[in-house]
Structures are given as structure tokens and as C-alpha cells.
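Those sequence lines, one after another, are chains A and B. For the first sequence, the residue numbers in the working numbering are 1 to 366. For the second sequence, the residue numbers in the working numbering are 367 to 604.
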Amino acid sequence: MSGHRVRAITRRLLQGFRRDRRTLALLFVAPIVILALLGYLMRGSSTVPSVGIANEDSGPVGASVAGQLRSSDLIETTDIMASDGEARLKDGSLVAYIVFPSDFSQQAAAGNVSPEVHLEGSQPGEDSPVIQALQKALTTVASQVAGRNVSFQPRVEYLYGGPDYDTLDYFGAAFVGLIVFFLVFVITIVSFLNERSQGTLERLMASPLRRGEIVLGYMLGFTVLALIQAAEVLVFALAVLQIQNQGNVLLIFGMEALMAIAAVNLGIFLSMFARSEFQAVQFIPLVIVPQFLLSGILFPVSSEPQALQYISNVLPLTYAVNGMRDIMVKGADLTWPSLQLDLAVVAAFGIVLIAAGTATLRRRLA
Amino acid sequence: MTDAYAVNLEDVSKAFGAVKALNGVTLRVRQGEIYGLLGPNGSGKTTLIRLICGLLEAHAGTVTVLGQKMPNVGVLRHIGYMTQAAALYPALSVEENVRFFAAINGAEAGVKDALELVQLWDRRGSVVSTLSGGLRQRCSLACALVHRPELLLLDEPTVGIDPQLRVQFWEFFRRMAADGTTLIVSSHVMDEADRCQRLGLVQYGRLLAEGTPAEIRSQGGSQNLEEAFLALAGRRES
Numbered sequence: 001m002s003g004h005r006v007r008a009i010t011r012r013l014l015q016g017f018r019r020d021r022r023t024l025a026l027l028f029v030a031p032i033v034i035l036a037l038l039g040y041l042m043r044g045s046s047t048v049p050s051v052g053i054a055n056e057d058s059g060p061v062g063a064s065v066a067g068q069l070r071s072s073d074l075i076e077t078t079d080i081m082a083s084d085g086e087a088r089l090k091d092g093s094l095v096a097y098i099v100f101p102s103d104f105s106q107q108a109a110a111g112n113v114s115p116e117v118h119l120e121g122s123q124p125g126e127d128s129p130v131i132q133a134l135q136k137a138l139t140t141v142a143s144q145v146a147g148r149n150v151s152f153q154p155r156v157e158y159l160y161g162g163p164d165y166d167t168l169d170y171f172g173a174a175f176v177g178l179i180v181f182f183l184v185f186v187i188t189i190v191s192f193l194n195e196r197s198q199g200t201l202e203r204l205m206a207s208p209l210r211r212g213e214i215v216l217g218y219m220l221g222f223t224v225l226a227l228i229q230a231a232e233v234l235v236f237a238l239a240v241l242q243i244q245n246q247g248n249v250l251l252i253f254g255m256e257a258l259m260a261i262a263a264v265n266l267g268i269f270l271s272m273f274a275r276s277e278f279q280a281v282q283f284i285p286l287v288i289v290p291q292f293l294l295s296g297i298l299f300p301v302s303s304e305p306q307a308l309q310y311i312s313n314v315l316p317l318t319y320a321v322n323g324m325r326d327i328m329v330k331g332a333d334l335t336w337p338s339l340q341l342d343l344a345v346v347a348a349f350g351i352v353l354i355a356a357g358t359a360t361l362r363r364r365l366a
Numbered sequence: 367m368t369d370a371y372a373v374n375l376e377d378v379s380k381a382f383g384a385v386k387a388l389n390g391v392t393l394r395v396r397q398g399e400i401y402g403l404l405g406p407n408g409s410g411k412t413t414l415i416r417l418i419c420g421l422l423e424a425h426a427g428t429v430t431v432l433g434q435k436m437p438n439v440g441v442l443r444h445i446g447y448m449t450q451a452a453a454l455y456p457a458l459s460v461e462e463n464v465r466f467f468a469a470i471n472g473a474e475a476g477v478k479d480a481l482e483l484v485q486l487w488d489r490r491g492s493v494v495s496t497l498s499g500g501l502r503q504r505c506s507l508a509c510a511l512v513h514r515p516e517l518l519l520l521d522e523p524t525v526g527i528d529p530q531l532r533v534q535f536w537e538f539f540r541r542m543a544a545d546g547t548t549l550i551v552s553s554h555v556m557d558e559a560d561r562c563q564r565l566g567l568v569q570y571g572r573l574l575a576e577g578t579p580a581e582i583r584s585q586g587g588s589q590n591l592e593e594a595f596l597a598l599a600g601r602r603e604s
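Have a look at this one:
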């Protein structure tokens, strides 16, 4: 063991980095971006879920619990008619609604209340503040009004999902799409970079090939691989992991295919901005992680701080994830406007990137 | 076709940022000749070749190739380009590489001929990543000529290959020129210059001299091409 030789290796390594400004920047900027995002997501003044209240109680207790709920900082309340509730859950303007039935005051007097809680249920983590707020309100009101202990047994109903859904069922839908998107992106960016570094791209450019033909050929080649991968992931998720699926398998596959095409083109496009595979790999945290955090996979977009919601709403992965959940958890089909939007946005993103990839290719080599 | 020149560069300049790679170069290559582009490393040879095949656009002056002003995608199917490093797909076999470049030029029929010309037909199944440098150069040459281009651009094709193979390469080049192909071969090795019909001496982005090897010798006042080159280079600097 020679300290001198070890030092030589260490020095050589650091000298290399000194000249690779881009890698250095990514090395020091990427973690701050990601941590800042995570911090803001988790600590920022997140928006609270919108909850509808339908008070049908003929007595006073329903009104006072509703009053407590209105002042709760866990949720934001709107007064609705119970009959409108389901429609409001479906259009996404509410994540839950609570119905105090007409005999609610009598229930309270009898010491056992069961308000109806209707949850949208397609995203995990949105229902707990609702139940919490309700419990708090009831406890407060019970001690004030009834002057006695009132036991609390909400009748919880789910529009989608439900108690037989576990964590994997919620996240599985999103991850099935994400895995394909991520892996296809990495493979494309690295192999397009290879084309550049091994000199074959220069040869292609000096051939009668048009730029669009190169990008399209690449896209098709990788899409074939991506589709096989997508099919494999899907079969494994449904057959082995037994992730619940309410929707059409072909529709899931279609969404995956669109995501794969978008990922291929994102890879081609971004490979233009990397000079080495080393730099390409650094795009992964910068491109993938913020999208992953903001796409609604882990934290529902509606609960993000408002500023981040604006960003989430322009990220293609948000629509892809939403679409996958629409299909698998909600059983959406092509007649659903929300799914139409999701598919259209992901497809448009792919098309924009084909154009961007082709344009960048021209600028860099002609 | 306005003239019998395969390649005609008129007063061409090209800069990369502040670096002037080419400075007013005028150069003409006749159809069917082997034209040697000679000069030290960094003199502008590769930039000239890239201009000729349209990979770069001149800032000033005109580049005309096979009668068309460059860059022009239509002309590219008549050009073969062998890049400096053997740019091949390492995971594909020799034949798969050649077949790919044939396909993008619409010339699949030429694969066997090309492989036989560079004597790789017997090794056509070998994966490129397992080949020696010399075999790769041969495969690279096959990829450049598989579509029987009218103009073949060879950027230092004999760098890093042994003397035997170099002799073979020049034999290929002569045969192709005899068939009417125009060849532009860049090199910084002076002993290759004698094998060319005409030479262009490039240094500091300028064409120092042009002519047959004999003409260059007399211009430089030496029987040795290398000395003639140095003499011409020195004259320009003083």
C-alpha cells in the first residue's frame, strides 16, 4: 500500500471534476433542489382537503358539530346537499363529504352517533384529516352539548377503493407507469449518448438520413422494448402482486405505451445537453425526482402548497399517474373526461418532445 | 453540372468561437482523382472534410459538391464518409454494421461486394467489439463505400494500422479511383502523399500549396516531400 499512489488516484479524480463544471454544478445543485422541494412539500403551508357538509339533523347537535368542523384547520368545508355529494366527489371538487342524518341529535342523546362519511378514496392519505377533524369536532361538541360521553362510529363509505385496498393497491397503479417511464428514459439517454460518443452519429449525419428519421427510428426501436417491458410489469403487478384493478387492461397498457414514448423522446432530447454518460446519469435526479415528488404519487396534488400545485399541473407525469389511478382504482374508461385529458396531455408531451429532439439534433450537428 | 470538379471550395472560412479553423480556403478536386489533404494535426483537415459532407456550414465562401451547393441532403447518398475513429456499433457484427449503413443509403445489394473488397467476408459474423483496430478500420471502410459513392471522404484512414494493411488500403483506393470514384484522403503522414494524384497542403486553416507531388516538390524546392512541406510552411510564416 503506497500512500503516494493512493493520493495520485484521489488527485486525478478531483482534477477531472474541476474541469467538468456541469457535473460539479449538478453534484451540488441537485441535492439542494430536491431537499428544498421535499421540505416545501412536507412543511410548506399545505392546502387542506375540501370537505362537504350536509346537515340534515332536525335537532341542534348536527349544526354545532358542523360549526366545529368549519373552524377546523384540518379541513376546508362547504355546505352541500347530500344528494349532490357523489357528483362533487366524482368531479374532484371534494375529497369527502359528511352527512349528519335527521336523527343525529337523538343519536347523540342516546350516546352513540354515526355520521355518514363519504370518501373519494382513490388517493391514500386524503381521508385521515377528514376522520380526524370529525372526531375532534364530535369530542368537543359531545362534552359541551350532551354533557356526557358520546361514542363515535362513523359509517364510512368509499366511492373508489375502500377498506379492502391496501397501500400497494394505491401506489401500484402509479408505480406500474413510473417504472416504465423511468427505465426507458435512462436507457434512451445513455444509448443516444453512445451514438454520439462512438462517432456513429456523425456518420448518420453525413448520410441521407433526415434528422426526423433518426429520432423516429430511435423512438420506434425503444418503444418496442418499452412495450415488452410494460407488458411484463403489468402482468407481474396484476398476476403476482395481485394489485387490484377496476379498469380495462388494454387501457392501462395504452397509457404505459404513451408514457414509454414520452420517456424515449425525453431521453433523446436531454441527451443533447449531456456531453458524457456521466452527465447523463446526473439528469436522473434532476428530471425524475422532482416529477416523482410532485406527480401525486406520494402526496396528493390537491394537498400540496399552492405554488407547487402550479408546477405539478404542468408536469406530464402528474397526468400519467392520475390516468393510471383513474383506470386502475376508479375503473375509468375512455368516456371519462379526466382520463381523456390525461391521455391527451401525455400524448402531446411525447409529440412536443419528438419535435424538440429533432430540432436540437439539427442545431448540434449541422 | 457546371464543371468537372467533384468538389469545389471557393474562399471558404469557418470559425469555432474565436478560433479560425479555416481562413479563405479555395480548393478543387477533379472527378476520379485521389486527392491528398495533408497537414499537421489541428491544421483544419477534418473541418474541411466536414464542410464537404455538410456536417458543418461555412461562414463565408461556397462549398460545391457533385454540382450541388452544400449543405444538401440530396447529395449525401453519393458521398461516403469514413470518420477518423472507426465509428461502428460495437455490439453488432461486421456484416450487421455494413448492412445498416447500406440500408440507410438504400444499397443493401452492395454488402457482399464491400465486405469482399476489404477482405472481411470471412469475418462477417464477428462482433465488432472483439475485433482488432486494423479489422475495425477495414469494417469502417466497408461501411463508407458500401453504397458505391461517387465521392469518398477518408479522414486519416490509415492512422493506427500496420504497414501491410496500409498498403492494402491504398490498393483499394487506387482500384476505386480507377472505377471513377473521387477520393479525398486526409493524412499527416508524408509518405502517403506520393500515392495521391494531387495534394493540398493545409496549415493554420490555410491552403499553403496545391498540386501533384512533383509540383509540390518543385514549389518547396526539395526532392523530399516533408522538407518541401516545411519549406512551404516556413515561407508562409515569414
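Ideal Cβ placement from N, Cα and C applies to all residues, glycine included.
**Report entry** A/Gly3 versus A/Arg22 - alpha carbon distance
**Finding:** 30 Å
Requested in this report: Assign A/Ser105 to one of two classes, buried (16 or more other C-beta atoms within 10 Å of its C-beta) or exposed (fewer than that).
Outcome: buried
Query raised in the report: Going by the beta-carbon positions, is the gap between B/Val441 and B/Gly476 smaller than 8 Å?
Result: no
Requested in this report: Starting from B/Leu573, follow its DSSP beta bridges and name the residues at the other end.
Outcome: B/Val568
Report task. Measure how close the beta-carbons of B/Gly577 and B/Gln589 come, nearest whole angstrom, since I'm counting them as under 8 Å. Result -> At roughly 15 Å, the Cβ-Cβ gap does not stay under 8 Å, so B/Gly577 and B/Gln589 are not in contact.
Query raised in the report: With a Cβ-Cβ cutoff of 8 Å, do A/Ser72 and A/Ala30 count as a contact?
Result: no
Query raised in the report: Between which two residues does the beta strand (DSSP E) carrying B/Thr428 extend?
Result: 426-431
Query - Bridge partner(s) assigned by DSSP for A/Thr139 - result: Beta-bridge pairing links A/Thr139 to no other residue.
Query - Nearest residue (CA-CA) to B/Ala426, options B/Ser379, B/Ser506, B/Thr547 - result: B/Ser379
Query - For A/Arg43, the nearest candidate out of A/Val61, A/Thr78, A/Gln306 (CA to CA) - result: A/Gln306
Requested in this report: Assign B/Lys411 to buried or exposed, taking buried as 16 or more other Cβ atoms, counted over all protein chains shown, within 10 Å of its Cβ.
Outcome: buried
Query raised in the report: Considering only the beta carbon of each residue, do B/Leu517 and B/Arg504 sit closer than 8 Å?
Result: no
Query raised in the report: Mind pulling the beta strand (DSSP E) runs of 3 or more residues that sit fully within the region 5-74 of chain A?
Result: 50-55
Requested in this report: Return helix, strand or coil for B/Gln485, following the three-state DSSP convention.
Outcome: coil
Query raised in the report: Rounded to a whole number of angstroms, what is the C-alpha to C-alpha distance between B/Gly566 and B/Leu573?
Result: 7 Å
**Report entry** Backbone CA spacing between B/Ile550 and B/Leu403 [nearest angstrom]
**Finding:** 7 Å
Query raised in the report: Ends of the alpha helix (DSSP H) at B/Phe466?
Result: 460-470
Query raised in the report: Since A/Ala87 contacts A/Val99 with CB under 8 Å, what's their CB separation in whole angstroms?
Result: In fact, because the Cβ distance is near 14 Å, the residues do not count as touching under 8 Å.
Query raised in the report: Among the residues of its own chain, which have a CB less than 6 Å from the CB of B/Thr368, if the five just before and after it don't count?
Result: The pLDDT assigned to B/Thr368 is 45, lower than 50, so where the model puts this residue is not dependable, and the model offers no usable value.
Requested in this report: Step through the CB atoms of chain B and report whether any lies within less than 8 Å of the CB of A/Ala366.
Outcome: Residue confidence for A/Ala366 is low, a pLDDT of 39 falling below 50, so the modelled location carries little weight and cannot support an answer.
Query raised in the report: What did DSSP end up calling B/Ser340 once you bin it into helix, strand or coil?
Result: For chain B, the structure presents residues 367 to 604; residue 340 of chain B sits outside this window and is missing.
Query raised in the report: Contact between the region 191-201 of chain A and the region 264-276 of chain A: three or more CB pairs below 8 Å?
Result: yes
Query raised in the report: In three-state DSSP terms, what is B/Lys411?
Result: helix
Query raised in the report: Just checking, does the region 221-235 of chain A make contact with the region 453-473 of chain B on the three C-beta pairs under 8 Å criterion?
Result: no
Query raised in the report: Which value, in whole angstroms, describes the spacing of the CA atoms of A/Ile228 and A/Val346?
Result: 19 Å
Requested in this report: Take A/Phe292 as the anchor and find which of A/Ile311, A/Phe278, A/Ala280, A/Gln279 has the nearest alpha-carbon.
Outcome: A/Ile311
Requested in this report: Starting from the Cα of A/Glu126, find the closest Cα among A/Asn112, A/Gly92, A/Ser64 and give me that residue.
Outcome: A/Gly92
Query raised in the report: A/Leu209 versus chain B: which residues are under 7 Å apart at the beta carbon?
Result: Ile470
Query raised in the report: Roughly how many angstroms lie between the CA atoms of B/Val395 and B/Val429, to the nearest whole one?
Result: 12 Å
Requested in this report: With DSSP collapsed to three states, give me the class of B/Gly526.
Outcome: coil
Query raised in the report: In three-state terms, what does DSSP make of A/Lys330?
Result: coil
Query raised in the report: Any Cβ of chain B within less than 8 Å of the Cβ of A/Gly199?
Result: yes
Query raised in the report: Considering only residues of the same chain and omitting the five flanking positions on each side of A/Leu94, which have a CB-CB separation below 6 Å?
Result: Ser50, Gly52, Arg88
Query - Exposure label - A/Ala366; buried when at least 16 CB within 10 Å - result: Residue placement at A/Ala366 is flagged as unreliable, the pLDDT there being 39, under the threshold of 50; a coordinate-derived value is accordingly withheld.
Query raised in the report: Taking the C-alpha atoms as reference points, what is the distance between A/Leu315 and B/Ile527?
Result: 52 Å
Query - Contact list for B/Ile445 against chain A, beta-carbon separation under 8 Å - result: Ala206
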